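Chains as they are written, first to last, in my numbering: chain H, 178 to 477; chain P, 65 to 280.
Here's the structure we're looking at; comments come further down.
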């Protein structure tokens with residue numbers, strides 16, 4: 178059966194629209210829990226504004242945050258599907274353009290050397306798409322992540338040496354949390370990459386954003402690391418928007434990749450409280466459902 | 065005990081000097097949206113502000129919004145949002161001294177230079193919740209756009225109604241809530257390291273020192 182590429186482009190426009198206007202239930206739950214537990218009066222009021230902003234964005238169909246940021250897509254294709262990869266790529270990209278132009282949203286995309294914009298939210302290099310395959314399945318899954326600049330600017334990387342071990346990795350993460358302070362619109366989701374090559378290491382911080390907020394890494398040792406980092410970062414009392422309080426990070430997500438025996442790379446990036454994540458599962462005939470994470474339960 | 069203030073623009077210096085750290089503020093009247101490239105054009109490149117732009121007595125906001133014009137009227141297309149102030153620290157003392165704006169509104173906080181300028185010239189820093197554009201949207205209307213060639217980096221003239229809640233992060237007496245908080249957090253750093261059993265690191269040999277932001 179021919180895959181419906183035109184409808185797919187419309188789906189991608191809708192996915193981007195939903196990405197910035199409808200927030201994941203796990204994120205709302207984490208913010209609500211933080212609101213309920215917060216003991217600092219101003220921090221509680223700030224968390225209240227965040228919850229209210231989500232309600233108003235979802236209710237009015239307007240972006241919750243004005244900075245739609247930069248989009249990263251992860252597309253996993255079932256090996257039983259018959260699709261033209263090039264056409265898929267074009268449709269993902271054009272979907273972003275259709276949605277952004279149709280709604281006259283702010284364009285964030287600039288040339289890195291001249292700093293000029295050409296008035297489009299897409300280009301030959303944006304949005305960035307990562308491709309992968311799902312064995313023996315007849316559907317594909319697309320996850321979209323939008324990250325604003327306040328949070329992406331608070332990203333840190335180091336090629337540590339093996340002699341510095343996990344000790345050095347932990348210190349780098351804590352020192353990064355200090356350097357970021359409240360700038361990434363805390364409470365953040367702290368995303369960490371350990372291992373891999375230089376480029377793979379940074380990518381791990383984006384993979385860490387695909388996860389349901391607070392869901393531990395399946396490896397118990399990494400999960401324990403996440404828990405102790407979560408407690409340590411919150412003990413800093415940087416608080417919502419860096420104004421003080423109990424809630425500095427909603428969760429710490431650590432992802433790892435195997436590494437050369439002589440390397441010890443670490444990346445830390447803080448995602449803002451407006452941690453936009455949304456997805457779709459699409460079948461060969463064009464039927465689709467929404468998902469909140471890869472392999473997750475479909476809805477609508 | 066922190067107070068709640070409902071201010072109307074223009075705001076007097078006397079009024080601004082009454083605000084204390086942590087007070088809640090709502091403002092109605094006029095507000096100017098500013099950010100990196102229009103600050104750079106005025107302060108670094110020495111281009112005079114366009115006619116009709118006058119910050120004296122008004123709040124300026126580190127703005128980050130999309131907008132469009134339809135049959136002569138301007139609209140926000142993605143809410144009235146705030147960008148990170150800290151990035152613009154180097155321009156703010158000059159702006160406050162030059163224009164005597166009475167409030168700088170943003171997120172993330174400002175540093176020592178701005179604290180000094182706020183004390184000297186009678187200005188405060190007000191913190192809003194970043195990323196909550198949808199929440200503030202109904203409280204702000206865009207009236208005019210100056211230097212429109214700068215696109216989303218243009219100067220915006222806005223009308224605001226009960227814009228807030230905002231919290232006093234820097235007062236007009238030399239107090240900075242962010243710097244106080246940073247000191248407290250840094251004082252705890254050793255304790256945080258201990259929570260994670262972080263010990264002193266072995267020396268990592270380097271050919272020459274690696275480039276860091278502070279070197280540029």
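By construction, the Cβ of each residue, glycine as well, lies at the ideal position given by its N, Cα and C atoms.
Small disclaimer: the values here were computed from a predicted structure and weren't measured.
Opposite residue i in the DSSP bridges: which residues?
i                      : result
residue 90 of chain P  : P:70
residue 254 of chain H : H:310, H:317
residue 324 of chain H : H:247
residue 431 of chain H : H:369
residue 448 of chain H : H:366
residue 123 of chain P : P:167
residue 222 of chain P : P:95, P:206
residue 332 of chain H : H:446
residue 388 of chain H : According to DSSP, which records beta bridges pairwise, residue 388 of chain H is partnered with nothing at all.
residue 344 of chain H : For residue 344 of chain H, which the question treats as bridged, DSSP gives no partner whatsoever.
residue 138 of chain P : P:133
Going by C-alpha to C-alpha distance, which of the options sits closest to residue i?
i                      : options                    : result
residue 354 of chain H : H:394, H:315, H:289, H:449 : H:449
residue 440 of chain H : H:364, H:451, H:468, H:339 : H:339
residue 141 of chain P : H:278, H:268, H:259, H:247 : H:278
residue 193 of chain H : H:252, H:224, H:272, H:362 : H:272
residue 72 of chain P  : P:224, P:234, P:87, P:241  : P:224
residue 267 of chain P : H:259, H:344, H:375        : H:344
residue 288 of chain H : H:281, H:282, H:296        : H:296
residue 451 of chain H : H:235, H:334, H:253        : H:235
residue 356 of chain H : H:328, H:372, H:202        : H:328
residue 154 of chain P : P:235, P:191, P:107        : P:107
residue 214 of chain P : H:407, H:294, H:334, H:237 : H:294
residue 185 of chain P : P:77, P:68, P:70           : P:77
residue 281 of chain H : H:292, H:298, H:266, H:290 : H:298
residue 383 of chain H : H:417, H:333, H:397        : H:333
residue 179 of chain H : H:395, H:477, H:309, H:464 : H:464
residue 458 of chain H : H:204, H:270, H:208, H:474 : H:474
residue 196 of chain P : H:413, H:476, H:222        : H:222
residue 256 of chain H : H:217, H:308, H:341        : H:308
residue 316 of chain H : H:253, H:291, H:373, H:290 : H:253
Between residue i and residue j, is the Cβ-Cβ spacing less than 8 Å?
i                      : j                      : result
residue 313 of chain H : residue 190 of chain H : no
residue 227 of chain H : residue 193 of chain P : yes
residue 367 of chain H : residue 399 of chain H : no
residue 220 of chain P : residue 232 of chain P : no
residue 177 of chain P : residue 157 of chain P : yes
residue 222 of chain P : residue 187 of chain P : no
residue 265 of chain P : residue 348 of chain H : yes
residue 304 of chain H : residue 248 of chain H : yes
residue 361 of chain H : residue 424 of chain H : no
residue 74 of chain P  : residue 122 of chain P : yes
residue 201 of chain P : residue 130 of chain P : no
residue 318 of chain H : residue 421 of chain H : no
residue 300 of chain H : residue 246 of chain H : no
residue 403 of chain H : residue 431 of chain H : yes
residue 179 of chain P : residue 240 of chain P : yes
residue 191 of chain P : residue 152 of chain P : no
residue 283 of chain H : residue 92 of chain P  : no
residue 369 of chain H : residue 385 of chain H : yes
residue 204 of chain P : residue 233 of chain H : no
residue 256 of chain P : residue 412 of chain H : yes
residue 235 of chain P : residue 113 of chain P : no
residue 416 of chain H : residue 242 of chain P : no
Taking 7 Å as the limit between beta carbons, can you name the residues of its chain near residue i, skipping five residues before and five after?
i                      : result
residue 409 of chain H : 351
Can you list the residues of chain H that residue i reaches, using a CB-CB cut of under 9 Å?
i                      : result
residue 218 of chain P : Per Cβ cutoff of 9 Å: no residues; residue 218 of chain P is ~12 Å from chain H at best.
residue 171 of chain P : 327, 359, 360, 362, 418, 419
residue 253 of chain P : 351, 352, 355, 413
In chain H, what lies closer than 8 Å to residue i by C-beta?
i                      : result
residue 241 of chain P : 420, 421
residue 86 of chain P  : 219
residue 259 of chain P : 405, 408, 409, 412
Once the 5 residues before and after residue i are set aside, which same chain residues still bring their CB inside 8 Å of it?
i                      : result
residue 343 of chain P : Summary: the structure shown does not reach residue 343 of chain P, with chain P confined to residues 65 through 280, and so no result is reported for it.
residue 147 of chain P : 99, 126, 127, 128, 170, 171, 194
residue 387 of chain H : 251, 320, 322, 454, 470, 471
residue 225 of chain H : 212
So with CB distances below 7 Å, who are the chain H contacts of residue i?
i                      : result
residue 231 of chain P : 219, 420
residue 97 of chain P  : Under the 7 Å cutoff, chain H gives no residues; its nearest Cβ is about 11 Å from residue 97 of chain P.
residue 123 of chain P : None at all; the shortest Cβ gap to chain H is about 18 Å.
residue 194 of chain P : 327, 362, 418
residue 235 of chain P : Going along chain H, no residue has its Cβ under 7 Å from residue 235 of chain P, so there is no contact; the nearest lies around 14 Å.
residue 283 of chain P : This structure cannot settle anything about residue 283 of chain P, because the visible part of chain P is limited to 65 through 280.
Quick one: which chain P residues come within Cβ less than 7 Å of residue i?
i                      : result
residue 229 of chain H : 199
residue 450 of chain H : 195
residue 239 of chain H : 142, 143, 198, 201
For residue i, which residues from the same chain have a beta carbon less than 6 Å from its beta carbon, with the 5 sequence-adjacent residues on both sides left out?
i                      : result
residue 185 of chain H : 268
residue 175 of chain P : 153
residue 462 of chain H : 178
Check the Cβ of residue i against every Cβ in chain P and list those closer than 8 Å, keeping chain order.
i                      : result
residue 457 of chain H : Those do not exist, as residue 457 of chain H stays about 22 Å from chain P at its closest Cβ, beyond 8 Å.
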